[in-house]
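Chains as they are written, first to last, in full-length UniProt numbering: chain F, 1 to 479; chain Y, 1 to 479; chain P, 1 to 479; chain S, 1 to 479. Even glycine gets a Cβ: it sits at the ideal position worked out from N, Cα and C. This structure is a prediction, so every number in the text was calculated from the model and none was measured. Just below is one structure, and these are the notes that go with it.
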């Protein structure tokens, strides 16, 4: 029976694995509803589970109240939730995970008691040395109740706290042991702390609203709570917000960065600015580059909704070819819908996406998408365009071909499931039925972010900024 | 507590009140899943409740199985539903209603037993003489268990059936008594019947797939089940589908038509064709007309998602001004989300819609929307654009001002709640904070549908094709 | 999957099909919570669905608010329900039905609009001429949206109201047409009405609390709302409660009664008084009679919980043999629990009922139960006693053998499913593995109710007080 | 809103805090459904939450699948649950807790990974040195994700495992550190282990069915799965079940025992045998003792359902006074029902319990209950009897007065909430309105269990077998 349910968001494309949010209200107002709206704005970063944990900096003695659950933000929280979640400091989390780890135990924020009181921790990213660290901890008596590496981070902080004077110090010491990607938002009884790994794989930024400080994965979440963008947390930086205000420890900041380039291409919301670059602009640029690298004579440029639209517009700007809307997306298809039987398979895509026949009929169409993973969806969309009367369909992809797995927090699968791993571009073109096919080239990716070279493109190039684990531990972590 | 829940789809804009779907599979295959996909494609026509009723033309003796419920299609139906709903003939319905009538009793399809067996009835539209007919029926002993006028139609058919030979005849006789808007899909033990009022207020079309006939409110639902569009049901026509195939009774067809023009402007999905006109094209045309009537010097034309986009593109085509995407819509905001407290009110709009600052900053922007009802939302969006740095915001509305209530199945409110009823265009401009404001003019509406004059624009002009009821019975119907 | 779920209450024994409740508060207080508590006390009369409908005698113009649903009273109603259900007059209903008719449409109270306003109707009992009446109505244009005969009653009342002056008159005229069992509680805009069929098959009584009148199926529901018992509604009587107080129409009262004897034996709660007879006392009497008719030498008398306990006590009183508790009932086994696989079948009974080994070990046990339907449960319980060490098990049944179907509102099945229909008492004894078996004899049933002869024992004797329908329409009603 | 919901099971009387169950099937069959039925039989030991964890001794490498949730067994588990829970070894838990700790995090079994693999742990009882142990662990880097002391036990086992050769050894070493009450069922990848604290506060027994071994809090759960009772686990014993069969470590067995006497009086199910004593028989004995200590002239002895019935029967045996059933209990009042408003308060008790007026009217009644905590319920029941016509009501309590808190796993409150702490017996008699009142005396408690002196009666006598914690940490544990 389960197999008849297709989770529309989950089975297609590549997924970001988390979004984090934190807030501290110095006026003592409840913050749970702000976290709720912040998580709404970050929902695209994870749709499997979510949670909010809050505390009161005055009087509660660090007692943490939390509600977590499987599902979307608007499924897990009800008006009653906010009655329970009183407190002026809090963190929130949205999560996507591979099927194996999708359990109630693994929802975040992780809430825990340790020698110095309570902590709530929200984590975006993936460690590459989690197993080693976990083994080490286990050999000194740790027990694990989840299969997320955030629990490892929590343990390390707790252990460091035994030695160190301050929480900040403990976090810094912990960061020295962690290898991989992590943007963290941590709440203690009286402090809100943000931390970002020295490579800066995953984004994290700071905002301010009235007498509140806010931390969020993306600036769109600041907009969602009407907070003003202050700045990004620097890779390697630890930001502490407490009653004395905001201060920062940059001792782990290093020169080499490895910001995930796919955040710009696909993950982040176009209205976000990540590390001083407008996500929207970098997508426009991706389209422009495609027009330069893979020009073609055509009547229209169209984007595959929603992520392909900006690049399509960029292609149009650069090439002078007319931009058009060719698809209608059904916004009512939720996280799960019942998958049609064999005979209806074809319409599965059409339920979510339908072609505007009047737009494409008799036209030579350039279709822009952000990526091709397995090729199945692309093939169907090309066919839909041709069935609707497009005379030619030229596919342009606003990223290079996926060739290598990602170990830093996204679910790019291993090679044998990647169409580009097993096929040449020409073969892929044939498989998806396009008249021509062009990818963005690896060597021009830096142009998406104004020439900044501090990014990670390992999923395209295989150049891992940190040595990947010997074996692919993703999914195996729960051994 | 209830008041804290805002139903995002329901409280804003004008709503279509229903969508209908029917299918007959001559090969005897189960049709429930096709109805499910058809209703998905029609979900924009009603998000409050939905239902499916099926029967088996062979052997079941007309026994109807049905599942109905409050909520979206993907909330009401589960994989288990389809085990229960076996049968090769069926009808489906999606519904929106004014708050008062939003109850389990009023969900459709209406399923009933009468002297000749069973009927299931799905109705889109509103009668203007429902109260008179209801009174008449009551005075001959009818009892009513719902407050929908579809029950009146069912009664009349049952009464006519006592006299008439055939179901088709009974439906035709019933139609002679009905005044108002109705597109009906009716299922009896062995027949599927479609009927459309002589004015053709609401759309209804016919499709075919393999050995199935399909009836649907819009052609996008035919696409949703991979059926081929055959033709629209003619206003006044009754279409019968039974084991002998499809035949038609056009004796009530008249020359005067009154097709709802707002279907083209807003209700219908852009990928639908309604009465031989592409909805998308008529929106492009609306934009072109706006550019002709209300030209203005500017840097960008942007649409308010999703419905304003096509008209914005049309404006761009006609004016030569650059089309752009200025907004990001949060597709995870579902039917209900928890409304922020006073202090956060502003962000309520930003959760659903955020501005791409990089696009509009320093630009003179033409913003296209389909309509203004109360003005609140427009005012907020204009403000968002200005806050994002737009130097001028020129609002263009792809319909004339709403001035009169609609009695035919949409929820255009009565005058005092309509901003245009109490204010001049200049006053509205000031209220919403725009630098200029222009509406589409009533006298050019026919151009949206290729010059066809058979449309209803009563909500704009007050020219009701059928005399409206003495008093506004909408909402009062449940007296 | 469905088949793995066993509905513990539903599959065993014989079921009452409904309980009704009504209340009118002259002080204008809300009555929904009283109805809720009243239905709680009547829950044993129906566990499939329930509902409450209320109105306000002042100012609402008869607008009825109702909440109905599948499930137990504590599943269907929540604290929110009572916010919606404001009103000082109301009716409630609990229902059990055969599987076919167990649908949301068939929940009660039936709420309807008709020529004179609104009615809400709650019905306990079954008509024998429902089909004839339904056909008659259909031939004059009625449509049916449920498969319950209560809808037929509602129609007839509506039709009579067209002719008659008053609602009471209409109800009386309707009663003249109805043949069968019915205890009705009906609410109009300003009146609460109780009516009982002339044979008085099903109970109905009147209570008073402060400035409220209450109607209920059983007096235990009066206790449940702290109301004082006034009297039973007389068979054939119509009781009207309106702003002028309580008055009564006894014109249909006849001498011949046919009160369901099985109410005393099993259906009614022991703390109820039905038609001036204590249900508890009549069960004690049943036990005494069994001791007289079927004496046996033994060490203990035990009852099968809960219904067999009173008769067991009566047997003990009469015989002088020690009464004992031999079983522990698991009160957490709810309406549904998951049925064990084949291998565990045996424990299915033990989950619900376990034997107190220490009580029965080495003892000769007389086991009293209220009835045997198919024999399966009896066989298991006898075996459990023997496995626990009982040396002899003598089964005594406090009713005669079921031989004939009931057409008046309980689900005594047709003959071929009744163990007594196909087997002699000696054969049954062997099947269930008892050392002896004795039933109460038909000719002594009147002693259960102090010698009153006005009762129906058709399920035992075949003496139907009203001619049964030609064919068994139960379950077929939904043709 | 929450305050309107009264949880019927939770707010009255004294509660046992847990029940545990474990099973190992050597034939490799799935055990989840057996655990389900076992937990059903133990539901009276905890109604707030429950859980099942299973593993497969062959091939799964100790991967544990678990489902846990708030609610009753039949609310948390569905047929789908059993598809997920495949495995031939498993543990289950039912739990009641004080309000503060009633959260999803605290549900059991606790499932964890540690250096040697996985463990699932189910715990009944309460440690008195949990805080000290927790502090100790915290100071060596432990983090805590729950507020249950079972997590402390898990940690200690994990730490010991680092040193010790075997799991059994680690458990024994852990037990040397634990002070307080614990009956544990623990599952590792290949073993099922049962352990009981040296005082034997809480029960634990062993059963066998076919090729399965079973561990359960009470023998009634063995009956629930048709398993044969083998023996009780000895206080201080560790029982190991693995592929080589069952073996036992009794090195911690000591001579001094402290079995909870209130298990016999109230907690355990009467069909259970605990430490070789029939719970039913010890209740009969309690009644006999009451008749000896507090004789009184009367017409009837009645029990307050359900727990008072056996003692009432014992009183009857000893005194020769007639035993009778005086109350009807409403078995449909579930875990929560909506509490009446002020005006209806009285009926709150009558909804759950009604008097059989015919039984008690004009009679001198001896009413037996198991305990009096606050006195409110007793007062209402006495009043109900008098209102029903009882001329005298003599209350006999089958336990001594509660005077001291329990620190070993039941929720006997602190003194100021105990009626007996602040009032003499005579004062209590007056408060509850009884004509006489008698308690069982502390010095005769051993007679309930055949003269065995190894029991704990600290809640009555203040003689704590283990020194209680300095401060009352119950509820504070979550500091």
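Can you list, in chain order, the residues of its chain with a C-beta nearer than 6 Å to that of residue i? Leave out the 5 residues immediately preceding and following it.
i	result
residue 409 of chain S	17, 125, 126, 181
residue 250 of chain S	237
residue 435 of chain F	392, 393, 394
Taking CB distances under 8 Å as the criterion, tell me whether residue i reaches chain S.
i	result
residue 113 of chain F	yes
residue 158 of chain F	yes
Consider the C-beta atom of residue i and the heavy atoms of the ligand FAD; say whether any pair is separated by less than 7 Å.
i	result
residue 416 of chain P	In the structure shown, the ligand FAD is absent, as is every other ligand, since no ligand is present at all.
Taking CB distances under 8 Å as the criterion, tell me whether residue i reaches chain P.
i	result
residue 484 of chain Y	This structure leaves residue 484 of chain Y out entirely; chain Y is present only between 1 and 479.
residue 55 of chain S	no
residue 50 of chain S	no
residue 342 of chain S	Note on residue 342 of chain S: pLDDT 43, under 50, position unreliable in the model; the coordinate value appears next. Not closer than 8 Å to any Cβ of chain P, the Cβ of residue 342 of chain S fails to qualify, so no.
residue 104 of chain Y	yes
residue 143 of chain Y	yes
Taking its Cβ as the centre, do 16 or more other Cβ atoms sit within 10 Å of residue i, making it buried, or is it exposed?
i	result
residue 123 of chain P	buried
residue 416 of chain S	exposed
residue 505 of chain S	This structure cannot settle anything about residue 505 of chain S, because the visible part of chain S is limited to 1 through 479.
residue 255 of chain S	exposed
residue 231 of chain S	exposed
Compare the C-beta of residue i against all C-beta atoms of chain Y and say whether one is closer than 8 Å.
i	result
residue 120 of chain P	no
residue 462 of chain F	no
residue 99 of chain P	Model confidence at residue 99 of chain P stands at a pLDDT of 43, short of 50, so the residue's coordinates are unreliable; what they give is reported in the following sentence. Residue 99 of chain P does not count as touching chain Y.
Apart from the five residues just before and just after residue i, which ones in its own chain have a Cβ nearer than 8 Å to its Cβ?
i	result
residue 386 of chain F	393, 433
According to DSSP, is residue i helix, strand or coil?
i	result
residue 345 of chain P	For residue 345 of chain P, the pLDDT reaches just 49, beneath the cut-off of 50, and the residue's location in the model is therefore unreliable, although a value from the coordinates is still provided. Reduced to three states, the DSSP call for residue 345 of chain P is helix.
residue 71 of chain P	coil
residue 322 of chain S	strand
residue 66 of chain F	strand
residue 195 of chain Y	strand
Does any C-beta atom of chain F lie closer than 8 Å to the C-beta of residue i?
i	result
residue 290 of chain Y	no
residue 139 of chain S	yes
Open item on the list: Assess contact between the region 307 to 315 of chain P and the region 277 to 294 of chain P, defined as three or more Cβ pairs (one per stretch) separated by less than 8 Å. Is contact present?
Closed with: yes
Open item on the list: Three or more C-beta pairs under 8 Å: does that hold for the region 189 to 205 of chain Y against the region 255 to 274 of chain Y?
Closed with: yes
Task: At least 3 beta-carbon pairs within less than 8 Å: the region 125 to 142 of chain P vs the region 206 to 219 of chain P - done: no
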